[in-house]
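My numbering runs 13 ahead of the 1-based position in the sequence shown.
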Amino acid sequence: MLQAIAGTNSHEALSTLESFSIPVVMLLVASFAAQCYLSWKFSRFRLYVFIFTGLTLVYPYGRAIVKAYHVQKERHVYTESASSFRAYAPGTIGNTVYLLSLIMNDENTEAVPHQNTDSMITDKVPGRVKNIIVVVGESDLADRHTIYGYKAQNTTPNIQRLVDGDRICVIQNAHSSANMTRYAVPMLFSFYDPDHRDKLYSEKNIIELAKDNKYKTFWISSQDGFGQYSRSFGYLSEFSDYVTRQDYNNKENHVDWHDESLLPVIKEKFADPDEYKFFVIHIIGSHIFYSDDRTQEDIDALPTADTYDQSIHRTDRILNQIINMADAELKDYALLYTSDHAEIINVGHGLQYGGYAQYRVPVFMLDKSKKYCQMAEEMRNNDGYYTEVMNKFILLDMMGYTVNPDSISDVRIHDHVLHSDSMTYDYKNLPTEKDRK
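In structure tokens, the structure reads:
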């Protein structure tokens, strides 16, 4: 909850707060105030308690701060130090330090070009796909998609039609590599992963590599790119030749948190005359509060559905419009859709004991050659899952790069995810409710 509220933009923060009842929020505030008051009373009127408490707190908390700093200092995301501190020092003090770090630290690293290319890249040829489109959804649970067998509502009629027409392939049993956006999106567009967290800031990312191979790059987003929650992918977006977000290069575009506001920009940029183009389209999708993520058209289409299903229906419409524009303007293109992470419906994501629902994402591709659909199937992990970390290898092949097969095999063997406690887990051993002590 702290991350979802403090570490996001104002609209999403208000939406997240609205998902909690007023009495619950008031109870949390009252509890915090009571702890502060009691601490003040004891320290003022019982000096020996204050001295004893101070001595017993200084050493363990000081040690926790030092340990947290050393854990995180090489990762270049220093607010994670507060997350580690919270793990070693839970409760009011840890939560307060973490909340303040979320609010105060923007992590505004500048997008300075890198010189180093990851060693897994061994060769390159001219781009194999002239126009590459990556649409990144938000809080999208595969279980609620018609194309994944959901029967209660027809949530994805447009994509289902394209699947039936053999234009789109659906990747079954896919999972994200993190349960929070700030971790998940960088894994799609850089060599950052649960086991190599330094690579976001030390090596060329996918955007830079696209530019190196003569692609003109575009990042079009209804999400912000500043702030601790957003900066990791905002940083990546600014390597693009053209970027527009709510909070960046938006004076004329009028992009806001409504995903429909992106469509005029997308249409204009699809018409760009460059032969090779690489597009990232990052949408709000189904971020809680779901009633914000639907329109009257979706309500009319699914009048008996809950708000989450209606938000999935809206994303289906947005994707259909993007595909129609690509058909008209680009013709020769491939499109990859995935979500940053999934969702525990009516609860959220980024939860320590939330389990697997916050990881089960949809992944599908529009690929005339069918090459990349087959490539995705061949890159499944040894446990049978397709993990989102693999998406970068598909994009690299589209862009004309050759990747060392041993590097892909290593990822397949180790199905690792980066969880909300900043720890790496085997996917099959994620913390769930049964692990709560």
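From the three backbone atoms N, C-alpha and C, an ideal C-beta is built for every residue, glycine too.
A quick note: this is a predicted structure, and the numbers were derived from the prediction, not measured.
Using a Cβ-Cβ cut-off of 7 Å (strictly less than) and excluding sequence neighbours within five positions of V402, which residues of its own chain qualify? S190, M200, D206 and V424
What alpha helix (DSSP H) runs, 4 residues minimum, are completely inside the segment 258-309? 276-283
Reduced DSSP secondary structure (H/G/I, E/B, other) of M412: coil
How about V360 and H188: are their beta carbons less than 8 Å apart? Note that the C-beta distance between V360 and H188 is not below 8 Å.
Keeping to the same chain, check which residues put their C-beta closer than 7 Å to that of N333; ignore five residues upstream and five downstream. N171
Spell out a yes or no on whether the segment 319-334 and the segment 150-166 are touching, meaning 3 or more CB-CB pairs, one atom from each, closer than 8 Å. Touching, per the Cβ criterion.
Looking only at its own chain, which residues have a Cβ that is under 6 Å from the Cβ of Y161, when we skip the five neighbours before and after it? Spatial neighbours of Y161 in its own chain (CB-CB distance under 6 Å, excluding positions within 5 residues in sequence) are listed in chain order as A155.
Quick one: Cα of Y438 to Cα of N404, how far? If I take the Cα positions, the gap works out to 20 Å.
Going by the DSSP bridge assignment, what does Y242 pair with across the sheet? According to DSSP, Y242 bridges with nothing at all.
Relative to the C-alpha of H427, which residue among H362, R393 and E446 is closest? R393
From N442 to I421, what does the alpha carbon distance come to, in whole angstroms? 22 Å
Report the partner residues of N144 according to the DSSP bridge assignment. K290 and Y346
Could you give the DSSP three-state label for R157: helix, strand or coil? In the three-state reduction of the DSSP assignment, R157 falls in the helix class, which pools H, G and I.
In chain order, what residues of the same chain lie with their CB nearer than 6 Å to the CB of Y255, ignoring the 5 residues before and after it? F231
Going along the chain, which residues of its own chain have a beta-carbon closer than 7 Å to the beta-carbon of L431, five neighbours each way excluded? S190, A191, Y196, P207 and T437
If you measure between the beta carbons of V4 and M411, is that distance less than 8 Å? Any answer about residue 4 is impossible in this case: the structure gives the chain only from 14 up to 450.
With F202 as the anchor, note down where its alpha helix (DSSP H) starts and where it stops. T194 to F202
Three or more C-beta pairs closer than 8 Å, one from the segment 338-355 and one from the segment 308-318: is that the case here? no
Along the beta strand (DSSP E) that carries V183, what are the first and last residues, could you check? I181 to V183
Checking the sheet assignment: what are the DSSP bridge partners for R373? H188
Outcome for V183 when other beta-carbon atoms lying within 10 angstroms are tallied against a minimum of 16: buried
Under 8 Å, do Y321 and S299 count as touching if we go by C-beta distance? yes
Which residues mark the beginning and the end of the alpha helix (DSSP H) in which I220 is found? I219 to D225
Buried or exposed (CB count within 10 angstroms, at least 16 for buried), S382: exposed
Contacting residues, own chain, Cβ-Cβ under 6 Å from L213 (five flanking each side not counted): So the list reads P199, S203 and Y205, once near-sequence residues are dropped.
Am I right that N144 and K264 are in contact with their C-beta atoms under 8 Å? What's the rounded C-beta distance? With 8 Å as the limit, N144 and K264 do not qualify as a contact, their Cβ atoms being about 27 Å apart.
Tell me, which residues are paired with H429 by DSSP? Answer by DSSP bridge pairing, in chain order: D439.
Cα-Cα separation, M193 to D136: 33 Å
Can you tell me whether E12 is buried or exposed? The criterion is at least 16 other CB atoms within 10 Å of its CB, across all chains shown. Residue numbering for the chain in the displayed model covers 14 to 450; residue 12 lies beyond these limits and cannot be assessed.
Just reading off the alpha helix (DSSP H) that I172 is part of, what are its end residues? P170 to D177
Could you check where the beta strand (DSSP E) with S235 kicks off and where it finishes? Where S235 is concerned, there is no enclosing beta strand (DSSP E), given that its DSSP letter is neither H nor E.
Does at least one heavy atom of the ligand FAD sit under 7 Å from the Cβ of A47? You won't find the ligand FAD in this model; it holds no ligand whatsoever.
Once you ignore the five residues that flank Y398 on each side, which residues in its own chain have a CB closer than 8 Å to its CB? Closer than 8 Å at Cβ, skipping near neighbours: N186, A187, H188, D428 and Y440.
Same chain only: Cβ atoms within 7 Å of G413, ignoring 5 sequence neighbours per side: K137, V138, P139, G140, R141 and N226
K137: first and last residue of the uninterrupted beta strand (DSSP E) it sits in: I134 to K137
According to the neighbour-count rule (16 or more other Cβ atoms, all chains shown, within 10 Å of its Cβ), is P174 buried or exposed? The residue asked about is misnamed: residue 174 is Arg in this sequence, not Pro. R174 should be labelled exposed.
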